[in-house]
Ligand SMILES: Cc1cc2nc3c(=O)[nH]c(=O)nc-3n(C[C@H](O)[C@H](O)[C@H](O)COP(=O)(O)O)c2cc1C
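Okay, structure coming up:
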């Protein structure tokens, strides 16, 4: 196994950081790694807002549902869809298609993961913060986003002050189908539920009694941030 694969397979989110800053050069390399990612039609539709202002960090931590690491991480980056650049270059571009919002979300995810892996390869750690979308409009206001841009998620980065276990994933057979969609084998899910139950019960922090099926079906039974479509529409995105 090469060191790139080792870094990828060793991933686990880090939510506790030492106060040590990330060096300027390191951060530049992390962002450069993000910029090197593929980009749909080379649209380059992502903006990253680095939040260094401690008051704004505090407000963003609250917006994300009081996630303390948004404040305590050495770096906090907010990834945004950005069609403002394109509409500045040519004001009559049509950026309100849902397809273009999907492109922005996909490209942002790809860029962000390059950043996180680059950071992890340097011994740093991090975690994505989708919780920002709990209060998308307020986050947008704090960061003074213009029209045709929208927040997607944040990312905490820093020196790890914890060493959590790697979380088991669904087996390859469940995720990868051959030539056509294959019906879900519930026995495989049962085995995975057992593995996740053991993981939850024995992990070093936040232990609980639950299975993967219980967790995800619980989450998908309620509404999922129904304010997001109106938010995107208010930014001139995903209207048709
Ligand atoms: C887009 C995205 C948003 C996420 N948002 C949050 C978040 O707001 N807070 C948090 O603690 N973890 C968040 N996570 C981390 C996931 O909970 C985590 O990746 C998942 O449980 C798997 O654990 P692992 O990353 O340690 O393997 C997010 C992950 C992704 C990909």
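Numbering (full-length UniProt numbering), first residue to last: 1 to 240. Glycine included, each C-beta is placed from N, C-alpha and C at the ideal position.
For residue 152, the CB contacts under 7 Å within the same chain, skipping 5 residues up- and downstream, are 79, 80, 81, 105 and 108 in chain order. Spatial neighbours of residue 86 in its own chain (CB-CB distance under 7 Å, excluding positions within 5 residues in sequence) are listed in chain order as 93 and 95. In this structure, residue 164 has its CB closer than 8 Å to one or more heavy atoms of ligand 1.
Per DSSP, residue 22 is not a residue of any beta strand (DSSP E), being assigned neither H nor E. Those residues whose C-beta sits under 6 Å from the nearest heavy atom of ligand 1 are, from N- to C-terminal order along the chain, 11, 12, 13, 15, 64, 67, 127, 128, 129, 130, 131, 153 and 167.
Taking C-beta atoms as the reference points, residue 150 and residue 35 fail to come closer than 9 Å.
Scanning its chain for C-beta atoms nearer than 7 Å, with the 5 sequence neighbours on each side dropped, one finds around residue 193 the residues 211, 212 and 213, in chain order. Note: residue 75 is bridge-paired with 157 in the DSSP secondary-structure output.
Annotated as distal: residue 191 and residue 115, with beta-carbon spacing of 9 Å or more. CA-CA distance, residue 223 to residue 55, rounds to 31 Å.
Unbroken beta strand (DSSP E) runs of no fewer than 3 residues, entirely contained in the UniProt domain "Nitroreductase" (8 to 159), are found at 46 to 50, 75 to 82, 125 to 129 and 149 to 158, following chain order.
In the three-state scheme derived from DSSP, where H, G and I count as helix and E and B as strand, residue 196 is classed as helix. Between the region 65 to 79 and the region 5 to 18 there are three or more C-beta pairs closer than 8 Å, enough to call the two in contact.
Taking the C-beta atoms as reference points, residue 159 is found nearer than 9 Å to residue 123. Rounded to the nearest whole angstrom, the CA to CA distance from residue 141 to residue 199 is 39 Å. Put simply, of 65, 234, 169 and 165 the residue whose alpha carbon is nearest the alpha carbon of residue 14 is 165.
Judged by their CB atoms, residue 119 and residue 125 are nearer to each other than the 9 Å cut-off. Looking at the backbone, the Cα of residue 157 and that of residue 3 are separated by about 20 Å. In terms of CA proximity to residue 196, 208 leads the group 186, 185 and 208.
Closest in C-alpha terms to residue 6, from the list 169, 121, 40 and 127, comes 121.
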